[in-house]
Structures are given as C-alpha cells and as structure tokens.
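>
Number of protein chains: 2
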Amino acid sequence: MLTETADPAAVLAARYGTAPPELRLRWNSVVETLLSHRSVRAYRADPLPEGTLETAIAAAQSAATSSNLQTWSVVAVQDPARKTRLAALAANQKQIVQAPLFLIWLADLSRLARVAEAQGLEAEGLHYLELLIVAIVDAALAAQNAVVAVESLGLGTVYIGAIRNDVTAVARELALPSHVMPLFGLCLGYPDETAPAAIKPRLALDAVLSREQYAAEGEGDAVAAYDAVFAAFQTSQGLPEERWSARAIGRVRTRAALHGRDKLREALNRLGFRLD
Amino acid sequence: MLTETADPAAVLAARYGTAPPELRLRWNSVVETLLSHRSVRAYRADPLPEGTLETAIAAAQSAATSSNLQTWSVVAVQDPARKTRLAALAANQKQIVQAPLFLIWLADLSRLARVAEAQGLEAEGLHYLELLIVAIVDAALAAQNAVVAVESLGLGTVYIGAIRNDVTAVARELALPSHVMPLFGLCLGYPDETAPAAIKPRLALDAVLSREQYAAEGEGDAVAAYDAVFAAFQTSQGLPEERWSARAIGRVRTRAALHGRDKLREALNRLGFRLD
Numbered sequence: 412m413l414t415e416t417a418d419p420a421a422v423l424a425a426r427y428g429t430a431p432p433e434l435r436l437r438w439n440s441v442v443e444t445l446l447s448h449r450s451v452r453a454y455r456a457d458p459l460p461e462g463t464l465e466t467a468i469a470a471a472q473s474a475a476t477s478s479n480l481q482t483w484s485v486v487a488v489q490d491p492a493r494k495t496r497l498a499a500l501a502a503n504q505k506q507i508v509q510a511p512l513f514l515i516w517l518a519d520l521s522r523l524a525r526v527a528e529a530q531g532l533e534a535e536g537l538h539y540l541e542l543l544i545v546a547i548v549d550a551a552l553a554a555q556n557a558v559v560a561v562e563s564l565g566l567g568t569v570y571i572g573a574i575r576n577d578v579t580a581v582a583r584e585l586a587l588p589s590h591v592m593p594l595f596g597l598c599l600g601y602p603d604e605t606a607p608a609a610i611k612p613r614l615a616l617d618a619v620l621s622r623e624q625y626a627a628e629g630e631g632d633a634v635a636a637y638d639a640v641f642a643a644f645q646t647s648q649g650l651p652e653e654r655w656s657a658r659a660i661g662r663v664r665t666r667a668a669l670h671g672r673d674k675l676r677e678a679l680n681r682l683g684f685r686l687d
Numbered sequence: 412m413l414t415e416t417a418d419p420a421a422v423l424a425a426r427y428g429t430a431p432p433e434l435r436l437r438w439n440s441v442v443e444t445l446l447s448h449r450s451v452r453a454y455r456a457d458p459l460p461e462g463t464l465e466t467a468i469a470a471a472q473s474a475a476t477s478s479n480l481q482t483w484s485v486v487a488v489q490d491p492a493r494k495t496r497l498a499a500l501a502a503n504q505k506q507i508v509q510a511p512l513f514l515i516w517l518a519d520l521s522r523l524a525r526v527a528e529a530q531g532l533e534a535e536g537l538h539y540l541e542l543l544i545v546a547i548v549d550a551a552l553a554a555q556n557a558v559v560a561v562e563s564l565g566l567g568t569v570y571i572g573a574i575r576n577d578v579t580a581v582a583r584e585l586a587l588p589s590h591v592m593p594l595f596g597l598c599l600g601y602p603d604e605t606a607p608a609a610i611k612p613r614l615a616l617d618a619v620l621s622r623e624q625y626a627a628e629g630e631g632d633a634v635a636a637y638d639a640v641f642a643a644f645q646t647s648q649g650l651p652e653e654r655w656s657a658r659a660i661g662r663v664r665t666r667a668a669l670h671g672r673d674k675l676r677e678a679l680n681r682l683g684f685r686l687d
C-alpha cells in the first residue's frame with residue numbers, strides 16, 4: 412500500500428529511533444515503501460488476492476542473478492498441515508501457520524546439475540563453496556524483490572531463518588533433490604491490524620557505511636547510542652527492556668544458541684554440497 | 412525513474428522473452444520499477460545527485476536482518492585510483508572505473524566480535540558457517556533494497572561478483588578487519604543512453620516456482636524454450652548467439668572456470684572465518 416502522504420521525517424525518525432537525523436534523502440513512493448518496512452508477525456486469515464504470488468515471483472525473477480545462472484527456486488506452501496509441520500521444524504513460530512502463504516526460498520544448484528547431466532557434461536564448479544554463495548545471494552536478491560513487491564500491495568512479510576535449524580527435515584518435507592538448500596522461509600499475508608508491527612530502529616547510517624576504506628572508529632559511541640534507542644523501542648512495544656548489544660551477543664555467544672545450525676555444514680554435505 | 416506509462420504487457424514480454432505470457436499481475440509503480448530492472452554496464456561520468464548514497468543506504472538498512480543482528484557493512488569507493496585497482500582485481504570490468512560510485516558490500520561479523528570483546532564475552536557462534544550465511548543474506552537483502560531505491564531515482568546498477576576472485580587482495584585494499592568478507596561490488600551511476608541496457612529474459616515463472624513440494628517435471632521443456640528465447644535475446648543485442656544452458660554450464664563446468672573462486676574457502680579461513 413503506497414501511503415503517499417507519509418511524512419519522510421517521521422519515517423526516518425522511526426527508522427533511526429531519534430529525532431529526525433541529519434539525513435537529506437531523495438524521496439518517492441518506492442523509497443517510502445522501502446523505508447517503511449516492518450516485519451509482520453501477526454496475520455489475518457484472509458487469502459491473498461489473485462495474482463499476488465505471481466507478482467511476487469515475477470518481481471523476484473527480475474532481480475539480478477550472478478552470470479544469469481538463476482540458481483534459486485521457491486516452494487509456495489498453502490496446505491495448513493504442511494505449514495504446521497514446517498512450523499514445528501522452525502521453532503514453532505505461529506506466524507507460519509497463521510499466514511495464508513509460506514514461501515520457502517531455495518539456493519538451488521540442482522537445475523544446473525540436471526542441465527549438465529542432460530548434456531552429458533561435467534559441472535565440477537558446483538562442488539565449491541563459491542557456488543553455494545552464488546545461489547544464496549541469488550535467492551536473497553530474488554526474495555527481497557518479492558518482499559518489496561508485496562509490501563507495495565499492502566501485504567506484510569517476515570523472513571523465517573529458523574528453517575535452517577533442521578534443513579534435512581525441511582528438505583524431506585519439500586521433496587528437495589540433491590544440491591538444494593532451504594535458505595529461509597517467508598510468511599505473506601495481510602497484517603493483523605489489532606497487533607500492528609512497528610518500524611524497528613537500526614544502527615546509525617554511519618555505523619554501517621565507510622568511505623574508501625573500512626572505518627570503525629566511531630563504532631563504540633554508535634553502539635552505545637543505539638543500545639539506548641533499542642531499549643526504548645522495546646519498552647514502547649511492551650517487550651522486555653534490553654540493550655541491542657546484549658541481545659545480539661546472546662544470539663552468538665555459544666554454540667547452543669545456534670539451535671542446531673551449528674550442524675549446518677554437515678547437513679549441507681548430506682544434501683549434496685561438497686563445499687570445497 | 413518511475414515511468415508510470417510503461418505497458419505492463421510489454422515489460423512482461425521483455426522479462427519472459429515471448430509474447431506476453433498468461434500472467435495476471437498486480438501492477439503499481441513499485442512493481443513496475445522491480446520488473447523493469449536491467450543491469451547497466453555503461454555509465455555517464457556525471458556525479459550522483461546529493462543524497463543518493465544516503466538514500467541507498469537508508470533503504471538498505473530498512474531491509475530485514477536476521478535477529479536484527481545487522482551483520483553487514485558497505486564501503487563507498489569514489490577515488491578513481493582505488494576504483495582502478497579494484498577493477499584490476501575483478502576481471503578488469505571497465506564499468507567499475509566508469510561508474511562514479513562503487514559500493515563494496517560486506518558480510519560483516521566483525522562488529523559483533525568487537526561488541527563481544529568490549530564486554531569481555533565469548534562469541535563462539537561466529538565460528539560457524541551458519542553465521543557467515545546470516546551475514547551474506549543480510550548483506551544481499553540490504554544491497555537489493557539499495558538497488559531498488561536508486562533505480563527508482565533513474566540510476567543504473569550492476570552487481571560485480573568478480574570481487575570474489577581475490578577476496579584477500581580486496582580485503583587489503585579496503586583495510587578490512589578480520590571476520591569481514593567482501594561479498595560483491597555494485598556500480599552506481601547514470602546509464603549511458605548511447606549504450607542502453609535491455610531487460611534480460613528469464614526462465615518461465617513455473618520453472619522456478621513449485622507448489623507444496625519441489626517439482627521439476629516440466630523443466631526440460633522450460634529450459635529448451637528458454638534456450639531459444641535467450642539465443643534470440645543475444646542476437647538482438649548484437650552478442651554471439653548462444654543457448655542459455657550451454658553458457659550456464661560453461662560457467663561451472665570446470666574448476667578453472669571459477670577464476671580463483673575455487674580457493675574462496677581457504678581465503679575466508681585466512682580472513683578469520685572458521686566455517687565450522
């Protein structure tokens with residue numbers, strides 16, 4: 412939904428969690444759609460209007476793809492029973508069941524493997540980590556285009572990385588062939604207005620952008636300022652007050668915090684990726 | 412540049428390289444921006460208008476990020492000498508020198524490493540392949556939002572994966588700390604209208620989209636049809652007529668075709684990624 416009337420200063424204030432920062436942006440309806448993103452974790456049951464899935468996928472296919480290899484695919488899941496089984500594999504996130512459409516984005520080298528096999532050719536390159544990275548980037552660029560498209564249509568989305576907790580089981584559920592990695596899920600649906608999602612503030616722009624060479628000099632101050640902004644945001648959402656830095660480190664402090672994804676490399680090996 | 416008057420059927424015909432396919436899409440200016448993407452490999456020398464870089468990065472930061480970890484950074488390179496050196500590392504692609512702005516997108520775990528260190532905490536999770544994948548996805552989602560933003564402003568872009576040919580040298584040029592991977596470059600500038608880029612056709616929508624479970628039954632026919640579409644596109648662009656399947660397999664047939672990226676895993680190890 413393009414809300415042409417939104418105030419750029421208000422959007423920026425929400426995005427950076429402060430009084431409007433000293434940023435002079437160029438603004439139009441596309442920029443506004445992008446800046447207004449929020450992840451939606453509560454959905455109405457309403458089905459998606461006809462043509463929504465096709466629009467999302469055509470947008471996804473319009474993204475750049477490395478050497479035009481098109482090393483991604485997507486499975487659209489609408490069957491409630493399958494969504495329930497996938498949710499059980501992904502930390503029981505209720506929005507997977509709630510959203511009318513759950514897309515699983517795949518880093519897919521199997522198409523090239525099949526094309527090579529059909530021609531009786533080798534495809535030695537597929538055995539290298541590089542090609543998995545190509546496929547992951549292809550899939551992510553595609554998915555993000557789909558997100559932007561459906562958000563412009565008034566729908567909400569949320570990525571589900573937790574499908575990587577057990578890629579073996581997800582691959583079995585989706586009948587994936589060898590050389591296909593379930594990368595992330597994406598819920599799509601109408602946001603439940605009774606539980607609206609807010610724009611989440613991010614680190615200051617200068618904390619992620621360097622000029623000419625990597626620079627992290629001001630980072631300590633930027634993180635301290637953001638810790639305060641993030642804690643205030645949490646409070647405003649009725650969530651436990653927490654500093655970003657504490658929360659972020661909690662996600663990576665131990666191997667156990669990875670919820671099974673510490674075994675991702677071995678699981679990918681079993682899915683046919685040698686990762687040389 | 413939003414060309415509100417573009418004909419959806421014409422855009423779709425270009426995207427799928429046939430008479431307008433049987434797709435009923437939902438259409439607005441955002442969808443049109445997305446569907447109209449083309450990679451631009453010839454740029455005018457004109458500098459970017461003020462605020463363009465900031466708009467791109469604010470859009471990038473507005474993309475979803477796994478667990479809000481924000482594991483990406485970007486270096487903006489404008490210095491002609493540095494662009495020339497980076498081009499030399501990336502298969503001498505002339506558009507890197509030509510475009511007024513070259514962004515290098517980074518999968519960046521170093522920020523979390525610094526935050527943990529400042530707090531005297533462990534960050535064991537950073538040693539796993541999973542966290543590199545988190546950072547790659549974060550960076551790709553962010554970059555794609557930047558692409559959509561600047562395309563809506565009338566600028567062109569092209570991703571440069573060839574910076575992965577020698578990530579060690581790129582990391583040195585950009586003074587990257589440990590735990591940072593140069594993921595891809597992105598040229599930004601005004602398209603040179605004397606060498607206009609065309610929308611490149613893709614595989615049919617059904618070739619990348621499955622319902623409920625992965626299905627590749629119709630793939631052989633889809634690839635054959637696309638081979639013809641792609642060959643016609645090449646001819647229309649004054650390029651050698653070539654089937655897509657032959658070209659794609661050429662990119663992955665041998666280890667040598669990876670142009671150094673067969674050693675990416677070892678290079679990442681040296682950049683501080685254990686990839687457990």
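If you read the sequences in order, they're chains A and B. Every position in the first sequence, counted from 1, becomes a number in our numbering once 411 is added. Every position in the second sequence, counted from 1, becomes a number in our numbering once 411 is added. Cβ atoms here follow ideal geometry from the backbone N, Cα and C, with glycine treated the same way.
Buried or exposed: where does Gln506 (chain B) fall if 16 or more other Cβ atoms within 10 Å of its Cβ makes it buried?
Reading the second sequence from its first residue, position 95 is the one you call residue 506 (chain B). Looking at its Cβ environment, which holds 16 or more other Cβ atoms inside 10 Å, Gln506 (chain B) is buried.
> Under three-state DSSP, which class holds Trp516 (chain A)?
Indexing the first sequence from 1 puts residue 516 (chain A) at position 105. In this structure, Trp516 (chain A) counts as strand in the three-state DSSP scheme.
> Please list, in chain order, the chain B residues whose beta carbon lies closer than 7 Å to that of Thr444 (chain A).
In the first sequence, the residue the question calls residue 444 (chain A) occupies position 33. In chain order: Val441.
> Among all the DSSP beta bridges, which residues are the ones paired with Thr568 (chain B)?
Taking the first residue of the second sequence as position 1, residue 568 (chain B) is located at position 157. BP columns for Thr568 (chain B) point to B:Leu599.
> Quick check on Thr495 (chain A): buried or exposed, where buried means 16 or more other Cβ atoms within 10 Å of its Cβ?
If you number the first sequence from 1, residue 495 (chain A) lands on position 84. Exposed, since its Cβ has fewer than 16 Cβ neighbours within 10 Å.
> Can you tell which of A:Leu594, A:Val640, A:Thr605 has the C-alpha that lies nearest to the C-alpha of Pro612 (chain A)?
Locating residue 612 (chain A) in the first sequence gives position 201, where the first residue counts as 1. Out of A:Leu594, A:Val640, A:Thr605, A:Val640 has the C-alpha closest to the C-alpha of Pro612 (chain A).
> Closer than 8 Å by C-beta to Val634 (chain A): which residues in its own chain qualify, once you throw out the five before and the five after it? Chain order, please.
Locating residue 634 (chain A) in the first sequence gives position 223, where the first residue counts as 1. So the qualifying residues of the chain are Leu614, Ala618, Trp655, Ser656.
> Hey, out of A:Ala510, A:Gly671, A:Tyr454, A:Asp632, whose CA is closest to Ala580 (chain A)'s CA?
Stepping through the first sequence from its first residue, residue 580 (chain A) is reached at position 169. Comparing Cα-Cα distances from Ala580 (chain A) to each of A:Ala510, A:Gly671, A:Tyr454, A:Asp632, the minimum goes to A:Gly671.
> Between Ala560 (chain A) and Leu445 (chain B), which are expected to be in contact by the criterion C-beta below 8 Å, what is the C-beta distance as a whole number of angstroms?
On the first sequence, residue 560 (chain A) is found 149 positions in, with the first residue counted as 1. On the second sequence, residue 445 (chain B) is found 34 positions in, with the first residue counted as 1. Contact between Ala560 (chain A) and Leu445 (chain B) holds, with the beta-carbon distance rounding to 6 Å and staying under 8 Å.
> What are the complete beta strand (DSSP E) segments, minimum 3 residues, inside the stretch 484-513 of chain A?
none
> Kindly indicate which residue of A:Tyr539, A:Arg662, A:Val441 has the alpha-carbon position closest to the one of Ala668 (chain B).
Within the second sequence, the letter at position 257 stands for residue 668 (chain B). If we check each option's Cα against that of Ala668 (chain B), A:Tyr539 comes out closest.
> Whole angstroms are fine: how far does the CA of Glu652 (chain A) sit from the CA of Asp603 (chain B)?
Your numbering for residue 603 (chain B) matches position 192 in the second sequence. Your numbering for residue 652 (chain A) matches position 241 in the first sequence. In a straight line, the C-alpha of Asp603 (chain B) is about 51 Å away from that of Glu652 (chain A).
> Label Gly600 (chain A) either buried or exposed according to how many other C-beta atoms from any shown protein chain fall within 10 Å of its C-beta, with 16 as the threshold for buried.
Taking the first sequence and counting its residues from 1, one reaches residue 600 (chain A) at position 189. Classification of Gly600 (chain A): buried, given that the 10 Å Cβ count is 16 or more.
> Exposed or buried, what is Asp457 (chain B) when buried is set at 16 or more other beta-carbons lying within 10 Å of its beta-carbon?
Position 46 of the second sequence, counting from 1, holds the residue named residue 457 (chain B). Label assigned to Asp457 (chain B): exposed.
> Can you check DSSP and say which residues form a bridge with Ser621 (chain B)?
Along the second sequence, one-based indexing puts residue 621 (chain B) at 210. DSSP, once it has assigned bridges, lists A:Val486 as partnering Ser621 (chain B).
> Any heavy atom of the ligand GDP closer than 7 Å to the Cβ of Thr605 (chain A)?
With respect to the ligand GDP, the structure offers nothing, as it holds no ligand at all.
> Is the Cβ of Gly567 (chain B) closer than 8 Å to any Cβ of chain A?
Mapped onto the second sequence, residue 567 (chain B) falls at position 156. Answer no: the Cβ-Cβ gap between Gly567 (chain B) and chain A never drops below 8 Å.
> If you drop the 5 nearest sequence neighbours on each side, which residues of the same chain put their C-beta closer than 8 Å to that of Thr466 (chain B)?
On the second sequence, residue 466 (chain B) is found 55 positions in, with the first residue counted as 1. Cβ neighbours of Thr466 (chain B) beyond the five flanking positions: Ala560, Val561, Leu564.
> Please name the residue, chosen from A:Glu535, A:Gln624, A:Gly531, that lies closest to Gly683 (chain A) on a Cα-to-Cα basis.
Locating residue 683 (chain A) in the first sequence gives position 272, where the first residue counts as 1. The option with the nearest alpha carbon to Gly683 (chain A) is A:Glu535.
> Quick one: which chain A residues come within Cβ less than 7 Å of Lys611 (chain B)?
As a working mapping, residue 611 (chain B) is identified with position 200 in the second sequence. Ordered by position in chain A, the residues that pass the 7 Å Cβ test against Lys611 (chain B) are Asn479.
> Does the beta-carbon distance from Ala470 (chain A) to Val442 (chain B) come in below 8 Å?
Here the question's residue 470 (chain A) lines up with position 59 in the first sequence. Here the question's residue 442 (chain B) lines up with position 31 in the second sequence. A Cβ-Cβ contact shorter than 8 Å links Ala470 (chain A) with Val442 (chain B).
> Which residues in chain A have a C-beta closer than 8 Å to the C-beta of Ile547 (chain B)? List them in chain order.
Here residue 547 (chain B) is taken as the residue at index 136 of the second sequence, counted from 1. Neighbours of Ile547 (chain B) on chain A, chain order: Ile544, Ile547, Val548, Ala551.
> Any residues in the stretch 657-675 of chain B with a beta carbon nearer than 7 Å to a beta carbon of chain C? Which ones, in chain order?
Given the protein chain composition of this structure (A and B), no chain C is represented.
> Given a limit of 7 Å on CB to CB distance, which residues of the stretch 555-586 of chain A reach chain B?
Gln555, Asn556, Val559, Ala560, Ser563, Leu564, Tyr570, Gly572, Arg575, Leu585, Ala586
> Anyone know if the C-beta pair for Val578 (chain B) and Thr482 (chain B) falls short of 8 Å?
The residue given as residue 578 (chain B) occupies position 167 in the second sequence. The residue given as residue 482 (chain B) occupies position 71 in the second sequence. Not in contact: Val578 (chain B) and Thr482 (chain B) (Cβ atoms no closer than 8 Å).
> On the DSSP letters alone, give me the boundaries of the alpha helix (DSSP H) that Ser563 (chain A) sits inside.
Here residue 563 (chain A) refers to the residue found at position 152 of the first sequence. Element bounds for Ser563 (chain A): 540-563.
> Who are the near neighbours of Val488 (chain B) in its chain, counting only those whose CB is closer than 7 Å to its CB and skipping five residues on each side?
Position 77 of the second sequence holds residue 488 (chain B). Answer for Val488 (chain B): Lys494, Leu497, Phe513, Ile515, listed in chain order.
> Does DSSP put Val591 (chain B) in a helix, in a strand, or in coil?
The residue you call residue 591 (chain B) lines up with position 180 of the second sequence. Three-state DSSP puts Val591 (chain B) in a strand.
> Of all Cβ atoms in chain B, is any one closer than 8 Å to the Cβ of Ile507 (chain A)?
Working through the first sequence from its first residue, we reach residue 507 (chain A) at position 96. Ile507 (chain A) does not count as touching chain B.
> Any beta carbon of chain B sitting closer than 8 Å to that of Asp418 (chain A)?
Against the first sequence, residue 418 (chain A) aligns to sequence position 7. Chain B contact via Cβ: absent.
> If you draw a straight line from the C-alpha of Ala643 (chain A) to the C-alpha of Ile610 (chain A), how long is it?
For the purposes of this step, residue 643 (chain A) is identified with residue 232 of the first sequence, where counting begins at 1. For the purposes of this step, residue 610 (chain A) is identified with residue 199 of the first sequence, where counting begins at 1. If you take the alpha carbons of Ala643 (chain A) and Ile610 (chain A), they lie about 13 Å apart.
> Since Gly462 (chain A) contacts Arg437 (chain B) with CB under 8 Å, what's their CB separation in whole angstroms?
One-based indexing of the first sequence puts residue 462 (chain A) at position 51. One-based indexing of the second sequence puts residue 437 (chain B) at position 26. Yes, they are in contact, since the Cβ atoms of Gly462 (chain A) and Arg437 (chain B) sit about 5 Å apart, within 8 Å.
> Just to confirm, is the Cβ distance from Arg449 (chain B) to Ala627 (chain A) under 8 Å?
The sequence position of residue 449 (chain B) within the second sequence is 38, counting from 1. The sequence position of residue 627 (chain A) within the first sequence is 216, counting from 1. No; because the gap between Cβ atoms is not below 8 Å, this pair is not in contact.
> Within 10 angstroms of the Cβ of Pro607 (chain A), are there 16 or more other Cβ atoms? Answer buried if so, exposed if not.
Within the first sequence, numbered from 1, the residue matching residue 607 (chain A) stands at position 196. A residue is called buried when at least 16 other Cβ atoms come within 10 angstroms of its Cβ; Pro607 (chain A) does not meet this threshold and is exposed.
> Per DSSP, Tyr454 (chain B) is paired with what?
Reading the second sequence from its first residue, position 43 is the one you call residue 454 (chain B). For Tyr454 (chain B), which the question treats as bridged, DSSP gives the partners B:Pro602.
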